[in-house]
Each structure stands twice: as structure tokens, then as C-alpha cells.
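Trainee: To start, I am sharing the structure in question, which I have written as C-alpha cells.
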Amino acid sequence: MAAFIVRMGPVLMLWLAVCVSGSWAVDRGNFKTCDQSTFCKRQRALKPGQSPYRALLETLELTNTKLTLQLINDNNKVRLLLELYRLQGNMTRVKINELKPLKPRFEVPDVLINDPPTEPLSLLSQDENGMVLSLGADSQRLIVSAKPFRLDIMEGREVLLSLNSRGLLAFEHLRIRKDTLADPEGAEKKEETDAASEQTEGEEATKEDEKVEDGMWEETFKSHTDSKPNGPTSISLDFSLPGVEHVYGIPEHADTLKLKTTDGGEPYRLYNLDVFQYELFNPMALYGAIPVMLSHSPQRTMGLFWLNAAETWVDISSNTAGKTVFGQMLDYVQGSSETPQTDVRWISESGIIDVFIMLGPTPTDVFAQYASLTGTQAFPPLAALAYHQCRWNYNDQEDVAAVDQGFDQHDIPYDFIWLDIEHADGKRYFTWDPHKFPQPKEMLQGLEDKRRKMVAIVDPHIKVDNSYKIHSEIRSRGFYIKNKDGGDYEGWCWPGNSGYPDFTNPEMRAWWASMFAYDQYEGSRENLYTWNDMNEPSVFNGPEVTMHKDAVHGNWEHRDLHNIYGLYVQMATAEGLIQRSGGVERPFVLTRAFFAGSQRYGAVWTGDNAAEWDHLKITIPMCLSLGLVGVSFCGADVGGFFKSPSPELLVRWYQTGAYQPFFRAHAHLDTPRREPWLFGPENTALIREAVRQRYALLPYWYQLFYHAHRTGQPVMRALWVEYPQDTATFSMDDQFLLGRDLLVHPVTEEGARGVTAYLPGNGEVWFDVHTFQKHNGGQNLYIPVTMSSIPVFQRGGSIIPRKVRVRRSSSCMEHDPYTLYVALSPKRFAQGELYIDDGHTFSYEKQKEFIYRRLAFANNTLSSRNLAPGSQFTTLSWIEKIVILGASKPSKVTLKMPDGKESQLEFDFDASMSVLTLRKPGVNAGVDWTVVLQ
Amino acid sequence: MSLVKLLLLMSLALVMRAGAAVEIQRPRGVPLSKRQFYEEEKPFTCLDGSRTIPFDRVNDDYCDCKDGSDEPGTAACPNGSFHCTNAGFRPAFIPSSRINDGICDCCDTTDEYNSGATCQNTCRELGRKERESLQKMAEVTREGFMLKQQLIHEAKKGQEEKQVKLTEFQSTKKGLEEKVEALRTVKEIAEEPEKEAKERHLKAWEEQKELIRMEKDKARMAEAFLELDDDADGYVSVAELQSHPELDPDSDGSLTETETQGLLGGADKVDTTAFESVWSSIKGKYLLESQSDPPAPVETPQEEARDLGSDHDSDHYPEDYAGEDEDEEEDEEDDDPEEEEDKAPPTVRTPEKKEDDEMSMPPSFVTIHIFFINIFFSLCYTAVPVSLEKEIGFDFGPSAEFAYLYSQCYELSTSEYVYRLCPFNRVSQKPKFGGSETNLGLWGQWAGPEDNIYAVMKYDHGTGCWQGPNRSTTVKLTCGKETVVTSTSEPSRCEYLMEFTTPAVCQEPPSLEEALHGHTEL
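From first to last, the protein sequence lines stand for chains A and B. Residue numbers for the first sequence follow our numbering, beginning at 1407 and rising by one. Residue numbers for the second sequence follow our numbering, beginning at 3 and rising by one.
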């Protein structure tokens, strides 16, 4: 939900009329281009060439944990301080700040989960041109060149990555304003003196660098003026990646998985914005920003984490991008060409340069490295992985009851029903509309009786209304963000005039969290969870529909930390949900805005999309990109938020969403109702089937999330992550993997009669999960489809647990038995896992109450072995059935228990598909057992 | 009626007791009707015939049959169903997936035999409540259905009247058309030997005029006869005439029997032929009064229909024109209420008056021409008893039981708005605390399901929504004694839903046997 519509004050309506003039698409004019963002324009005007920066080798300091070195800009003599860290786990951190800034520059807190542990660096050699440092094992070297300054990371004789190789390091140092209106004539002279006096060495600055340009001290966009009390503060640095042709990440953009080069176009922009009716396939900023880029080649995967929360632009260029396939081949044949290379340049408006270079070398390594810095995906309650039914808005309690009833009537499972902004009393969050929701507790109890849950929205804009407790408390405690003049910042949002709590303030966050206590949040119950929308933050009458950059958070400007605001909102909310249960229950919070580290607090969705086929297609690259940078719990509004989907599109969207991590249908207020049973019995049946497939697969989803939580590996994966040598997969974003073992190629074309799926892995096999038909890997497979088709394949060599007794909510399935799907590899081998816990508390973590088992098939023997001996948990679930795909017919099947007891299992063998079904092993899912085929 | 009710109750009680007493053994979840397929000690064949399994695999918590029939009492089969007997209430099938899911679905608690859920047996309570509500509903239905019969009766009458009127209009219209035809001939003749034929013309004209007047009078008389003949027996009786005090010849305010008999020429009743003489003596008063006589139901469009329809006999031009007949005609002219209507159309009227003043001459070419035009106009009017025709054109249900809703409006007040439903016309919404009315849709059509099309009314093309569709309203009709809007909602933006009760949708209450059969398992 979001956007700027309806039921607002007349002022807004007028503004809307201008803003939403007719045509359906983003109004690009509302958002800045690089040219309109003066720091981006200034920085981008700087072309590759000789860097003015020089390393002062004599300032080198090397301690156990870091190396420091001063850099000097030979143009203006401003000195920078370079800090280099060798981090545990094959990472290098490069920090560059002003040596003596006029005042501190912002360094982003609360993103790193700890001070990253370091490893010692050792100096291998040094001369007047530079030095060579050892980066620990793997013959990795860090070469520091003094003039011009540049860093190269080598492995053997290969350059992995270079910094400032194109000379685009630029650091706009803090300065005193000289173009004062009071003394316009003396300004130039004064400038010289001031500039000179700034320099520690007393060296003379050149005028060129100090030139005052338009927009340095003030910038106007549309009707909004950004007073820039600190003047120009932007930073920039370039990275070269030899041998790299594919880069990914830096979400959130509605674009392809593989990032495009930006030469001659706009850079990718990272600036959290509430973009009304966003357009696809362009680098415009969206609701969230994760400044992490991955590079990949068959040889190596690496990552760059640019820890900066200010407005950021990323330019990408490539020396092969313009070349045709023939041209590239010619190069190859002639052997004369340069190696392919991708160059990247990061530009941010303020803060410091703080880059983490994750050296891989495998995708798994990069995920682990990034997770070690910013943490892993929060382990959600199991129910949150089930199906969510949302709409702006379910009108009242009766509506909620009727929709709930509708799901039962049509035998479609669901776990969460959602309430958007209309549920609150005049958009005063934490309250309920007294007419529409007079008895929220009774309503929640009604859902609880069906073992279902609810999510209600709590946005971070607070209605300015003295009779509203939340507002008056925040105001009296001084927790609001301030405007540049020191008053409480106010802007327009859903409730009308609103204040914005300063979530960057830990005290504010603690207070906010306390508001979720059952005795504070009236009408709340254990089965009520929270949704944070509009937390970019969205300010309808602000510049680019967000907050003025000169708004003030304590010591810092909004400019410095804009992109992390949304993270803090979700952090405080999740903390509130944890606290209300005394730390027992896992929270579930959905957010629209996010930053690096947001994965620790819950789920994200791709915002206000539209009921269009292209929007369905884009869900795949958007969630894949987020998965690459730590955010596994990603989904898109099923059906599309704006506009009304055709029944075909809706069905296809359900089929796709059923296989994406966060599975929620949502719709705009102005669209006709679209609960699954409103499109005739055929479509109802198709949607029911898609949702039921989701529920049957919940054990696998849950286990994937456990894995993501433990290791940082994404749940929904790009193919190249698992097949890093297979170049055919590098740009693929119309299909994806869930974990390693399921390949999904959803039908996303209107009127499709078939899809061509790529089954990776030469010598591997894949089994159609619906028909059990076996296909060879390493081929494009044409699959004829009907409306009921959801092409999904299980990798030969894997074991996937399902609960095929689908019930009306996931909680109802808690004690149900498992069916194991054992897909044999050509070598008749398979392996999988089984994870079980109570599904909703932290006991798995605190009391080690969980079951984690290895399921392995080898030598005609399938066994279940404990992977976590220190853990304990008892489950009522048992093994109901074992389906072995690609099997041959045994003469007998014996179940062996650890106590020596043996019994014969009955079985069915389908010779046409080579499927062996073992009837009712009946063993508890939490114990050791072995099944032997003879 | 009450005897029937009592019988019904007793039978239900009997059946229930019998059901509880004879608990027939069968596998869990199997309905009695399928008992014979589940014979203990005998192999079980899936009900789809797909395979046969040992009987101990029935309800062994593993799904063997594709159709789920081997696990009627467990959740093992994804497509199975479980039968709850629900003694005291209504038996039911629930999907197998609801067995032991921790949620009480069967009121007899039999679905949660192993989930730890604590369920209360609520069948008796539910049964009691249901019987109560069924009774209440039956009562409502019965009374509603009776009301409906009345509505049908009234509608029939009303419709017949309207039909008569319409036919009348149409025949008058036809007559006028014939006259026009005749006049056209007259005119054509007049045009040729105009001057020479002046005299002849005048005479012809007067004859013509008289003819018209008589025709008109006859039509009026026929109409009056029909209206006076309350019991439609073909006679106007003293009693019937007496119910029209306006006809009182001495205007003393009471129409005595004697006076009435006098009007009827001494007879007790008169038929149409004899009525001719009565007519001449009462027509003055009758016409005068019938104008001010309010129509029985207060229905604006009907009034309109009447006004417009009455234009047909305002063949006033000839009278206006015939200046020399003024004296003779005066009384009747003055009495003619239709005279009021004569003001229109002025465009024709204005020259006509002028001519009136200077004219004492038989019709010239010009006057005939004008006369022609005037007749034409009255024809036009005659052709447009629009609302009447429109009203008759509405689909008021198979027996016109919805006709009574026509031109009525019903309101419902919510916390914010007053909703107004004017059936066959429009739905609207007006903010309670100021603000203008919003049109939520104009009458569209009946939109119920095929087998019950009169269950839902659809109103559409209301005021457009900002960035959305035009407002529309679906009105769901349910049986009730009262005609009232019971709720409104806006399930989808600008798509409203209204619940409306009316006796007109009440169905004939089911017979005793049906009521029994539907609610208990035997």
C-alpha cells in the first residue's frame, strides 16, 4: 500500500492533481536525475584520468589490526586518512576519511553486527613508489601505489580488484562557506586565504579545486530548497574488476538481475523513495537501498559493500559491454584483446568511504562474508512462510470474518489476514477505528480459534494531534526529527500533517518498542503482527516525496543517514514484538524501506507494483537481487497492487508467488475485490492448488530459512550461485532455485502454451515434481503448459521433506507426518535435511530445542542421522511415506531401528516413471532410522 | 397453522431421540448411507473401485485409495471427507484435513478425537437455535408469502387498470389518427376550390367537429363507466355511483340514494347503453372531480402518466376555433379540466388566438392548416404517456410482486451516511453532517443467479469515482415481512452492497415433510 491518493486534505488533493496527471507510469519529473542532484553531477563530471591523490608513505603506521596511511590531494593539499584492515574470512576493509575534518563526518552505525575481527597484515616490501602487503593465505597481496594513489589486490599474478585505478577517488572536504552574500566581492580573496589556512602543511591550494559551483551550498529541486549548511561533502571512489563481465546486487531497482552498464545513461541510484507507480527496467531508486554489489566470473565471485547511508549513485561500465558476440570471439581468436573488465564507481553525498571487499572466492563464501558483517536473515515464525491475504483495506470486522470464512468455504489455506491504514482511527497507528473495528481482541480471538493470525499496519508518520497519545508522548520526549530551524519536522502523509519519530535515536527506539506491549497497544493480542510501510520515509509534500535532507537527527543531517531510516523503523518494531512476549516469541515485521542489515529484522516486499505481466516477471530478478545481498525474505504483491489483474494473470501470479519466499496477495483500495474465489470455480481451483503446493512444501521452506539464518545463504537463488562455472546461467532471471534442490520456472507469459526451462548441470538429472519424469541437466527443456502448470524440478541427488496433508493454516499442520521425496542422482545417491522446532519461539536458539537431521541415500540405504547432537526436541510428526524417484524395483524393503528392531515395508513400484513408494515407515521424524532396499 | 407447527416439533424430537438411541457401528467418519461398503473382516474396495485393501487399512492413517475412501476418519487423504453425525443438529461432511487439526468443526466433537483440542458438544444448543431460527424464518416466510400474495393481487389490479388506460390511449390515438387522415382529405379538398367551397366547408367542418366532440365524449363516457363500475360487473349501480359524492346534483354535499337513482333515470343500475343518458347529466361534475381526485397510491409517475395521458382528449382546437359556437360550448369548455393544458404549445397557440379574434369565417386554407398542426400536436401528446408505458415496461417479477416498490424510497442511516434506495430508480448516499448527495447507481437490471434472478438488483452508472469506476450498487433481496434496507457496505471501492428485505421474494414455505427431511438423519 502506499502512493498518494484519496481522502487527504484539499492541499494534498491539489498537489495530487498535479502529480498524478492521467497517464499510468511513474512521473519521472518528481525524481532527480544525476544531473539534478548536484553532487552527482559534480562527481560525474570528473572523468577517469590521473588521480590527484598521492600516498604519503612516510606516514605509514602498521599495527596488529590495521594499517594507516595519509593521502594528499596534490590539487588542494587536503589530507585524507586511509585505514586498511584485513578482516577474518577473506575480506579487506578500506576506510578513507578526512585527516582533520572541520567536524566529524557521519559513519554509519548499527549495520555491522560487531566490530569485524581482524587478522594481522604484514608488510612484504616497500620502496618509494609503494609497498606490498600480505593478505594472509592464498598468496594474496595488497599493493599500495603511492603516486598516484591506488590499491590493487592480487592473487598470484592476477589482479582481482583495483581501487582508484581510474583516478576517480574524490573527497569533498568540509569547508567554511565563502560565497557569503555579505561580502560577495571579497569572497574570492578570502577563499584563497581560508583555503591556505586549512592546509596543515601550509601548502597553497589551487583555486580550481575550491571553485564554488552552483548547488554546493544550496540546491533547489522543484519547489524544494535544500539548505546545505555543510556545503559540498560528497565522496567517490572507483573499482576495477579485471576478468569480470557480470555484476549484480545494489537493490532496490526494478531491473534485470545482471546489472547493466550505465555509460551514457543514468547511474543506478540508491535513495529510499516512495515511487508512485514505478517503471520497470530502469536504474531509478526505489523504496530500499543495499549498497552491496557482487561480481562474478567462472573463476571467482567477489563482493563490494559500500557502507554509506547517504544518497548514492553507482556507475557501471565495461570494456566488453558494447561488443558483439562476434567481436568478442574475434578478440578471443586473435588473442590480442584486453581481458574483459568491469569498472564501477560509487558516489555518495556525504559520510566517509568505508568499503568492505569480500574476496570470495565462491558465491557461498561471499554470502558468508557478508553475513559475518551484517548478520543473517531473521528466522521467521513458520506461519510467516505460509500464505498471506492482504488488501487495502479489509473494511471492518465483518469483512475480516467473511474473508476468513471464504477461505474455509473454498478450502484454501491461509495464515495471515492483513489490515492496511484504514483500520486505524484516523490513521493514528496503534489505534482501531471505533466503528469498523470496535472489538479487535474478539476479532483476533476469532482468528486464533482457527489458528490464524493478523498483521496490522504501523507506519512511522505520526498524526499531529494533541489528543493522540503516541504523538503527545513523542513530542514531549523530544523524539521527533527536527527541521533545519530546530522545530519538530512536519510533513504530509496519510493522516494529514504528521511528525516523524527519530528512529536513529536509541531511546526513541526503546520507547517505540515499548508501545507494542499488550497493555500499551490496545486491542492487540499474541497473534497480531506488524507491517511498517512508508518508512523511506514517505513525505507527500517533501522533495522527491521524502524528507528534506537538511532535517536534523541529533548531531546529524537527514542527508547523512536517509537510507538507514527505514531499517531503524523495522528494528524498533521487531524489538517491540520480541519484548511484548518477554523475549519468547519470534517477531514478524514486514518493511518497505530497507538497508544493509535489514535482513535481521524480518521481511521486505517490492512495494507498489502493478497488475501487469511485466511486473510479474520482474518479481524474479528483484527478489533474486535482494537474496544476493542477504535479504532472503522477499516477495511481491501477488496480483499486482495497482490496477486489476485478469484471472489468468492472477492465477499465474499465485503460481509464481507460491514459490517465492514472502507470499502475500495485496491490492489497491480502488481495485475490485480479488479474493481467490471471485473468478469462477476453475480459477478458484487453480489458485487453491498453487497455495496448497506452498503449504505442502513448508517443511522445505522452513529448513531453507533456518539455513539462511545460520549461514547467510539465500533462500531464493540465482542459478549461477549453484552453477558458477556455467556461463549460460549468468544472466538468467526468468527462473530460480529454492535452496539447491528445487528449480522453478514459473509461467509468466500471457497465453503461454509452453516454457523453455534451462536445467543446469551436465551429467545431473532433474525430476518434474508433479509427474516425476526425469530430465537430463545441461539442456534447455521445452515444457508444454496448461493453466495448471507450475514447472518445478527437483535435483537428482536431493531429498525434500513435504507435509502433504494440507490444512487450513500452517499451525494446523504442526504435528502432521512427513513425506520424503528422494530424487536419486545418476549415481543413485541423494542427500537432504530435516529441520523441526516449535515453529514460533526462540527456544531453538536459547534452549537448543530443535531437531536437525541429515537424510542420506547411498548404497540402496536411506538413513536419518542427527546433525545437532547438542539439541533436543520432541515432535509428534512421523514419516508417513517415502517416494524414491529414479529408483529400481527392490525385492524387499527393510526398516531398521537403532535398537535392532527390523520390519518389512510394503512398497509400490511404478515402472514407467521408476518411482518407488514406501508405505508407512511410521517412524518418528526425530529419531535415527535406516531403510534398506534389497 | 399452529397445529402444523406443533406436529413439526414433535416429529423432530422423535427423530432425534431415535437417532441417538440406535448408534450403528461403522468406521469413524462413514455416513450411514455408505455403511454397507465398510464391512469388517472383509477386504475393502476403494469406492472408486481402483483397488482392494485389507480391512485393517481402513482408517489406519495412511492413504491407500486415490479417492480417499479408505480414510474416512483420518486426515491421511488430501481429498477425503469426514462425516459427523451431529446428533441433535444437522449431520455434516467436513474435509478430512479438518480432522484433528485442533479446531472444533463438528458440533458433536467427533472430528477432534486425537488433537488435544477441548471441544464442547454444542449440537443440542445449535439444534435448538437452528430450530428457533428456522421457526422464526418459517414464520417470516409464511407471513411474507401471504403479504406477497396481496402484493400480487394489488399489482394485478393496478396493472390491469394501467393496461386499460394504455389501451384506451392507444385507441383514442388511433381515432385521432383517423381524424387526421380525414382532415388531411378535408384540407386537400379545401386547398383546391377554396373560395367556392367555403360554405360547404364550414358545414363539413361543423359536422366534423361535432363528430369529434361526440367521439371524445363517448370515449370519456366509456372511461367514466369503467371507473364507476367498481365491481366491474358491466353495470353502474346506485351504490357504485353513491361512492362518488362529487356527482351530487344539488351539490349539498350528500349524494342520496334518491338523487342517485335520479341520475340513473330511476334504475338501480345501468349498463353501458343506458349509461349514455346518465353520462350527459353527470359528466360536468364527473370530469371536474376526476381531475382533482387523488390517485389511490401516491405515485408521482402515475400522476404524470395521467396528466399526459389525458391530453389525448383535449381536441380543443376545433372548439377554440369555432368562435360562433362559443355560447353553446361554453359550459362544457369551462368544465373541461383539460382546458388547463391548452396553454401549451404556445408557438401554435399564439397565432391561433389572433385568428380567433378576427375570425368568424369558416376555415380557410390557413386555418385548416393550423388546425391540422394542432391535431398533430395532440397526437404527439397522445403518443407519449411515457411513464405509464415505461412503468408497464418494468419487469416487476413473475407476478408483478415488486410493482409496489415502484416510486417508493427506503432509507438506512449509518454513522456517516444516509443511504437511500428507490427501487427501479436509483440508489444514493448523503453525508449525515452536510455535503451533497452521491449517486450510487441507477436502475440497471435484475442480476440474481439464473435460477433466482429476482434475488439481486443491480444499479450502475452512478457518480464516477476518482481514478476509479462509476459507482454501482448491488441490492440483495431477502424475504421479510417488512420492506426495509437492513445494511449497506462498500466491499470494493465504489461498489456498494445493500441488503434489502421485502415480502416480494418470500417463497412458498416448505411443506412439513420437506422441513423434516432436510434437517435430520434418519
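Note that beta-carbon positions come from the ideal geometry of N, C-alpha and C, so glycine has one too.
1) In angstroms with no decimal places, state the Cα-to-Cα distance between R130/B and T2280/A.
2) So, D2334/A versus P2296/A, is the Cβ gap smaller than 8 Å?
3) What is the rounded straight-line gap between the Cα of V2127/A and the Cα of I2257/A?
4) Quick one: measure Cβ to Cβ for F1822/A and A1789/A, integer angstroms, because I've assumed they're closer than 8 Å.
5) When you compare the CB of G129/B with every CB in chain A, is at least one pair closer than 8 Å?
6) Residues of chain A with a CB under 8 Å from the CB of P493/B: which are they?
7) What residue range does the beta strand (DSSP E) around K478/B cover?
8) Using the Cα positions of V1/B and L228/B, report the straight-line distance between them to the nearest angstrom.
9) Applying the criterion that 16 or more other CB atoms from any shown protein chain within 10 Å of the CB defines a buried residue, is V1990/A buried or exposed?
10) Please name the residue in F1909/A, N1933/A and N1903/A whose C-alpha comes closest to that of G1948/A.
11) Report the residue from T2192/A, L2148/A and Q2061/A whose alpha carbon sits nearest the alpha carbon of R2159/A.
12) Could you confirm whether any beta carbon from chain A is found closer than 8 Å to the beta carbon of D103/B?
13) Tell me G1905/A's beta-bridge partners as DSSP assigns them.
14) What does P512/B reach in chain A if we use C-beta pairs closer than 7 Å?
15) For a cutoff of 8 Å on Cβ pairs, would you count V2210/A as touching chain B?
16) In the DSSP assignment, what residue or residues form a beta bridge with E1564/A?
17) Anything in chain A within Cβ reach of A157/B, meaning under 9 Å, just list it in chain order.
18) Would you check if the distance between the CB atom of L1996/A and the CB atom of W2019/A is smaller than 8 Å?
19) Alpha carbons only, please: which of E1564/A, N1570/A, G1542/A and G1562/A is nearest the one belonging to V1550/A?
20) Should Y64/B and K2298/A be called a contact, given that it needs their Cβ atoms to be closer than 8 Å?
21) Does DSSP classify G2160/A as helix, strand or coil?
22) What does a CB cutoff of less than 6 Å around S239/B pick up in its chain, not counting 5 residues either side in sequence?
23) In whole angstroms, give me the CA-to-CA distance for T1471/A and C1446/A.
24) Residues bridged to G1655/A by DSSP?
25) Output needed for L1580/A: all residues of its chain with C-beta closer than 8 Å, excluding positions within five of it in sequence on either side, in chain order.
26) What beta strand (DSSP E) runs, 3 residues minimum, are completely inside the stretch 1798–1853 of chain A?
27) When we look at the beta-carbon of M216/B and count the other beta-carbons within 10 Å, is it buried (16 or more) or exposed?
28) Specify, as a first and last residue, the run of the beta strand (DSSP E) that Q1747/A falls within.
29) Output, in chain order, the set of chain B residues within a Cβ distance shorter than 7 Å of R1998/A.
30) Does the CB of S474/B have a neighbour CB from chain A at under 8 Å?
31) Taking the alpha carbon of I96/B as the reference point, which residue from E127/B, K211/B and D113/B has its own alpha carbon closest?
32) Starting from C2029/A, follow the alpha helix (DSSP H) in both directions and report where the run begins and ends.
33) Short check: CB of W2172/A to CB of Q2141/A, under 8 Å?
34) Quick test of your reading: G2203/A and A2236/A, contact by CB under 8 Å. State the CB separation rounded to the nearest angstrom.
35) Closer than 8 Å, CB to CB, is P97/B near chain A or not?
36) Below 8 Å between beta carbons is the criterion; list the residues of the stretch 2279–2305 of chain A that meet it against any residue of chain B, in chain order.
Mentor: Well, looking at it:
1) Working through the second sequence from its first residue, we reach residue 130/B at position 128. Working through the first sequence from its first residue, we reach residue 2280/A at position 874. Approximately 43 Å, taken between the alpha carbons.
2) Numbered from 1 along the first sequence, position 928 holds the residue referred to as residue 2334/A. Numbered from 1 along the first sequence, position 890 holds the residue referred to as residue 2296/A. Between D2334/A and P2296/A, the CB-CB gap reaches or exceeds 8 Å.
3) Here residue 2127/A is taken as the residue at index 721 of the first sequence, counted from 1. Here residue 2257/A is taken as the residue at index 851 of the first sequence, counted from 1. Answer to the nearest angstrom: the Cα atoms are 28 Å apart.
4) Within the first sequence, the letter at position 416 stands for residue 1822/A. Within the first sequence, the letter at position 383 stands for residue 1789/A. With a Cβ gap of about 7 Å, F1822/A and A1789/A count as contacting.
5) By 1-based counting over the second sequence, the position of residue 129/B is 127. Not one chain A Cβ lies under 8 Å of G129/B.
6) Position 491 of the second sequence, counted from the start, is the residue given in the question as residue 493/B. Within 8 Å Cβ-Cβ: N1801, D1805 and R2079.
7) Here residue 478/B refers to the residue found at position 476 when the second sequence is read from its first residue. Its beta strand (DSSP E) spans residues S474 to C481.
8) There is simply no residue 1/B to check, as chain B begins at 3 and stops at 524 in what is shown.
9) Position 584 of the first sequence, counting from 1, holds the residue named residue 1990/A. When all chains shown are included, V1990/A counts as exposed.
10) Mapped onto the first sequence, residue 1948/A falls at position 542. Out of F1909/A, N1933/A and N1903/A, N1903/A has the C-alpha closest to the C-alpha of G1948/A.
11) Here residue 2159/A refers to the residue found at position 753 when the first sequence is read from its first residue. That would be T2192/A, whose Cα lies nearest to the Cα of R2159/A.
12) Position 101 of the second sequence holds residue 103/B. Cβ-Cβ to chain A under 8 Å: yes for D103/B.
13) Taking the first sequence and counting its residues from 1, the one referred to as residue 1905/A is at position 499. The partner list for G1905/A (beta bridge, DSSP) reads I1868/A and E1896/A.
14) Translated into the one-based positions of the second sequence, residue 512/B becomes position 510. By Cβ distance, chain A contributes nothing, its closest Cβ being about 24 Å from P512/B, past 7 Å.
15) Translated into positions along the first sequence, residue 2210/A becomes position 804. It does: the Cβ of V2210/A has a partner Cβ on chain B nearer than 8 Å.
16) Here residue 1564/A corresponds to residue number 158 of the first sequence, with the count starting at 1. Its beta-bridge partners are E1561/A.
17) Position 155 of the second sequence, counted from the start, is the residue given in the question as residue 157/B. Near A157/B there are no residues of chain A at all, since even the closest Cβ is about 35 Å away, more than 9 Å.
18) Taking the first sequence and counting its residues from 1, the one referred to as residue 1996/A is at position 590. Taking the first sequence and counting its residues from 1, the one referred to as residue 2019/A is at position 613. Cβ distance not < 8 Å, so L1996/A and W2019/A don't count as in contact.
19) The sequence position of residue 1550/A within the first sequence is 144, counting from 1. That would be N1570/A, whose Cα lies nearest to the Cα of V1550/A.
20) The residue you call residue 64/B lines up with position 62 of the second sequence. The residue you call residue 2298/A lines up with position 892 of the first sequence. No, the Cβ-Cβ distance between Y64/B and K2298/A is not below 8 Å.
21) Position 754 of the first sequence, counted from the first residue, corresponds to residue 2160/A. Note: G2160/A maps to strand in three-state DSSP.
22) In the second sequence, the residue the question calls residue 239/B occupies position 237. Cβ within range, chain order: K271.
23) Here residue 1471/A corresponds to residue number 65 of the first sequence, with the count starting at 1. Here residue 1446/A corresponds to residue number 40 of the first sequence, with the count starting at 1. Cα to Cα, the separation comes out at about 34 Å.
24) Counting from 1 along the first sequence, the entry for residue 1655/A is found at position 249. Looking at the DSSP assignment, G1655/A forms a beta bridge with M1699/A.
25) Locating residue 1580/A in the first sequence gives position 174, counting from the first residue. Excluding sequence neighbours, L1580/A sits near E1504, P1507, L1508, K1509, R1511, N1636, G1637 and T1639.
26) 1822–1825
27) Walking along the second sequence from the start, residue 216/B turns up at place 214. It is exposed - the Cβ of M216/B has fewer than 16 other Cβ atoms within 10 Å.
28) By 1-based counting over the first sequence, the position of residue 1747/A is 341. From DSSP, the beta strand (DSSP E) with Q1747/A extends over Q1747 to S1754.
29) Counted from its first residue, the first sequence places residue 1998/A at position 592. Going along chain B, no residue has its Cβ under 7 Å from R1998/A, so there is no contact; the nearest lies around 21 Å.
30) One-based indexing of the second sequence puts residue 474/B at position 472. Answer no: the Cβ-Cβ gap between S474/B and chain A never drops below 8 Å.
31) For the purposes of this step, residue 96/B is identified with residue 94 of the second sequence, where counting begins at 1. I96/B has its Cα closest to that of D113/B, out of E127/B, K211/B and D113/B.
32) The residue given as residue 2029/A occupies position 623 in the first sequence. It spans W2019 to L2034 - the alpha helix (DSSP H) in which C2029/A sits, taken as one unbroken run.
33) Start at 1 with the first residue of the first sequence, and residue 2172/A comes out as number 766. Start at 1 with the first residue of the first sequence, and residue 2141/A comes out as number 735. No; because the gap between Cβ atoms is not below 8 Å, this pair is not in contact.
34) Locating residue 2203/A in the first sequence gives position 797, counting from the first residue. Locating residue 2236/A in the first sequence gives position 830, counting from the first residue. Going by Cβ atoms, the distance from G2203/A to A2236/A rounds to 5 Å, so yes, they are a contact pair.
35) What you label residue 97/B is simply residue 95 of the second sequence in a count that begins at 1. At least one chain A Cβ lies under 8 Å of P97/B.
36) E2286 and K2287
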